[in-house]
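Take the sequence shown: its letters are residues 67 to 737, numbered as in the numbering used here.
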Amino acid sequence: MPAKKPTYAWWIVLCLVGLDYFSTLAYLPSIAVAADRTLAPLAGLGVVVVTLFAALPVYLYVVGRSHEGKGGIGLLERVIHGWTGKFLVLALLGFIATDFVVTRSLSVSDASTHLLANPFYANHSRWVKENQEAVRARLPGFLRGDFFAFWNEQLVLTMLLSSLAFGLYTYLVRGMTRGFLRLAVGVVVLYVLLTAIVIASGLLFLQQHQGLVDAWWERLQVQVGEDGPGGRALGWWAVVAALLAFPPMALGLSGFELSLASSPFVRGEPGEGPSKAPGRVRNTRLLILVAALAMSVFVVTSMFVVALLVPDGAIFAPKGEVRHRALAYLAHGGTLRDSPEGTTLGLLFGSWFGTLYDLSAILILCLAGASATIGLRDMVPEYLTRYGMQMRWAQNVGAILHLFNFVILLVTLAFHASVGAQQWAYATSVMALLVGAAVAAVLDLGQRWRGSWLRPLVMAPFALIAGLFVAMGVLLVFQGPSGLAIASAFVAVVMVTGMVSRYLRSKELRFEGFRFADAQSEKRWPEVCQFEFQVLVPHDPTAGSLLDKDREIRLRHRLGPDVPVLFLEATLGDPSDFSQQPEMKIEPCDGFEVIRVSHCTSIAHVLAAVALAFRVVGKPPEVHFSWSDESPMAANFRFLLFGQGNIPWMVRSLVCREEPDPAKQPRIVIG
67 MPAKKPTYAW WIVLCLVGLD YFSTLAYLPS IAVAADRTLA PLAGLGVVVV
117 TLFAALPVYL YVVGRSHEGK GGIGLLERVI HGWTGKFLVL ALLGFIATDF
167 VVTRSLSVSD ASTHLLANPF YANHSRWVKE NQEAVRARLP GFLRGDFFAF
217 WNEQLVLTML LSSLAFGLYT YLVRGMTRGF LRLAVGVVVL YVLLTAIVIA
267 SGLLFLQQHQ GLVDAWWERL QVQVGEDGPG GRALGWWAVV AALLAFPPMA
317 LGLSGFELSL ASSPFVRGEP GEGPSKAPGR VRNTRLLILV AALAMSVFVV
367 TSMFVVALLV PDGAIFAPKG EVRHRALAYL AHGGTLRDSP EGTTLGLLFG
417 SWFGTLYDLS AILILCLAGA SATIGLRDMV PEYLTRYGMQ MRWAQNVGAI
467 LHLFNFVILL VTLAFHASVG AQQWAYATSV MALLVGAAVA AVLDLGQRWR
517 GSWLRPLVMA PFALIAGLFV AMGVLLVFQG PSGLAIASAF VAVVMVTGMV
567 SRYLRSKELR FEGFRFADAQ SEKRWPEVCQ FEFQVLVPHD PTAGSLLDKD
617 REIRLRHRLG PDVPVLFLEA TLGDPSDFSQ QPEMKIEPCD GFEVIRVSHC
667 TSIAHVLAAV ALAFRVVGKP PEVHFSWSDE SPMAANFRFL LFGQGNIPWM
717 VRSLVCREEP DPAKQPRIVI G
């Protein structure tokens with residue numbers, strides 16, 4: 067029995083989730099303002115609307131239906147069965163992998179941006195630039211050109227921070243420790259508090275300088291306003307503009323899907339079990355609600371403050387001093403837009419406060435991806451194992467995470483530690499997970515309300531939300547197609563390696579025992595296994611009666627009337643599953659004793675499991691088959707995908723694999 071996971075107060079787990087969620091504030095305002103300074107506050111408002119009226123309702127519902135930490139993916143697997151469901155889940159696992167890798171790579175890249183711009187770091191690292199040419203001169207000739215130029219200070223620093231961050235994540239590999247949670251609480255509280263001080267000071271400054279707000283409002287009316295009876299005012303075009311500006315801002319919704327991976331750590335009511343946990347569901351919903359409300363306030367106010375106060379040159383210059391660190395610029399006492407030189411938010415802001423802010427930002431950015439790590443640690447290996455897509459080396463969860471750490475370094479190199487270049491892949495993965503959760507909610511509601519006249523009314527709101535997310539995803543792909551290409555590469559890797567792994571493991575027995583339909587069958591099964599000799603005959607109930615099958619098998623296989631025959635009828639369940647625990651019922655029928663096994667993922671595997679169970683006592687059993695007219699290629703294809711092709715040969719291969727002693731192997735007879 068697996069050890070019970072420790073649980074914590076919801077606000078502590080909120081800080082764990084906040085490592086991912088709130089860390090986006092370090093670069094999100096800069097991205098929004100760089101895209102369109104005037105529309106940035108409107109885009110922030112769009113993020114809030116989508117957060118509170120689309121993503122939040124979906125995940126409040128999803129957590130009630132999938133509180134064990136699997137989130138929208140777990141609910142989607144439950145409502146879509148067969149290979150369709152498996153491929154959808156594998157695709158979403160690919161997007162989770164993208165989310166995890168790009169979150170870590172982008173966040174650490176932005177952490178190095180904060181560090182490089184810090185004046186204390188700059189003063190103590192002058193020797194790097196002063197000795198740069200001296201180092202170049204000592205390198206071999208082939209390393210002095212593009213190679214040396216490629217490894218700039220930003221990239222080297224990002225790689226070093228990534229390596230240090232890997233050490234912190236060993237806590238997550240070993241288990242959720244109180245030490246890591248204390249670190250998460252301290253980092254998140256410090257960063258949120260300092261960010262709130264910066265934003266509140268910016269709002270206070272704008273209140274005292276109303277002209278800056280009026281000037282922005284006039285620019286906004288000119289850009290997206292409409293003429294009306296009362297003069298020029300914002301109209302529907304403003305809403306459209308906000309929606310068009312939203313897709314890149316999907317980074318602000320990154321905390322939803324993977325925050326559900328942390329739900330098993332939320333403390334509920336005493337004595338709650340894993341199947342029913344109303345207290346944990348209630349507290350997790352409170353966690354999500356508080357996180358969404360807090361993030362909504364921070365997103366709108368931060369974009370408003372940055373758009374109105376940060377100078378144009380600082381943001382739009384190719385190497386602007388606030389590129390992806392606009393709030394840090396204000397914290398350092400940077401000169402404000404349309405203000406006299408040296409005007410800052412207040413006396414508090416300067417090198418010391420800015421350095422403290424940089425430190426908090428670097429810590430939260432280096433620790434971003436905690437929820438994704440939990441998802442990879444607890445969720446991904448389970449899916450890979452159940453789908454038959456996990457190699458033996460991957461059974462070590464640490465090996466998976468170390469592999470991803472290596473991939474993170476490769477992605478960082480590929481994007482040259484650029485935050486802007488990675489934002490599209492990040493936003494694409496976030497949007498894909500939102501679409502998956504919304505679709506899962508719609509389908510689940512449809513199944514729960516089947517037969518009710520209220521079903522369309524109940525499904526309609528979530529269907530509209532799913533449609534909105536799909537539209538936003540399409541728009542996001544048009545705006546940044548590279549994001550889909552990167553995410554598709556991860557999905558393709560998961561798909562290809564998964565199918566190859568399943569093929570290589572297809573001849574494992576993958577049997578977890580029988581479930582019994584009734585007490586009589588459970589009692590009878592051990593008695594049947596004690597027979598001295600068994601002749602097992604698989605029977606398809608749609609191909610004729612048991613009496614006809616008995617005559618045919620005795621005639622073709624020359625079995626005398628004194629040889630007892632035991633019939634087995636196996637019925638397929640979901641052949642896309644890998645491991646199986648089918649249900650058995652033993653009962654008399656037409657004068658014969660019949661073993662009926664249902665919910666099988668593979669007929670051949672069930673027959674092999676029954677035959678191997680009979681080999682323990684007496685002589686090994688015989689399993690008698692009739693010849694099939696199906697071609698070998700088609701039979702193998704049906705076996706791999708549909709669990710019922712090439713049965714005699716597969717049974718033979720399975721029993722030989724599981725029982726290497728020829729004297730104990732069940733005999734496979736084809737006549």
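Beta carbons are placed, not taken as given, at the ideal position from N, Cα and C, and that holds for glycine.
Residue i versus residue j: straight-line alpha-carbon distance, rounded
i	j	result
K730	E724	11 Å
A551	A487	13 Å
F186	G345	48 Å
I146	D424	46 Å
Q287	Q274	22 Å
L411	L359	26 Å
P522	L511	10 Å
Q586	I652	8 Å
S267	R568	58 Å
N218	V79	37 Å
P687	I669	18 Å
I661	V560	39 Å
E578	S645	7 Å
Q489	G549	8 Å
E448	L621	48 Å
A504	V115	16 Å
N13	L450	Past the boundaries of the shown model lies residue 13; the chain is included only from 67 to 737, so the question cannot be answered.
S417	L247	30 Å
G233	H482	22 Å
Cβ-Cβ distance between residue i and residue j below 8 Å
i	j	result
K152	S495	no
H671	R576	yes
Y689	I619	Residue identity differs from the one stated: residue 689 is Val in this sequence, not Tyr. Going by C-beta atoms, V689 is not nearer than 8 Å to I619.
T73	F415	no
A507	H180	no
I265	T367	yes
C432	A231	yes
L111	L317	no
V167	V557	no
R389	S191	no
S362	T150	no
G502	G138	yes
L542	A493	yes
Three-state secondary structure assigned by DSSP to residue i
i	result
L575	coil
S664	strand
Q646	strand
T563	helix
P406	coil
L638	strand
V735	strand
R285	helix
I652	strand
Y127	helix
P604	strand
H190	helix
F658	strand
S690	One detail in the question is off: residue 690 reads as His in this sequence, not Ser. Reduced to three states, the DSSP call for H690 is strand.
R389	coil
Y93	coil
Neighbour-count burial assignment, residue i, 16 or more Cβ in a 10 Å radius
i	result
C655	exposed
L402	buried
A537	exposed
F370	buried
F691	buried
G684	exposed
L422	exposed
F544	exposed
D86	buried
A373	buried
A106	buried
F271	buried
Any non-hydrogen atom of the ligand FAD within 7 Å of residue i CB
i	result
L278	The ligand FAD is absent from the structure shown, which contains no ligand whatsoever.
Just checking, does the segment 558-567 make contact with the segment 152-163 on the three C-beta pairs under 8 Å criterion? yes
Does the structure place the segment 522-536 close enough to the segment 163-183 that three or more beta carbon pairs sit under 8 Å? no
Given 8 Å as the limit, is there contact between the segment 624-637 and the segment 592-605, that is, 3 or more CB pairs closer than that? yes
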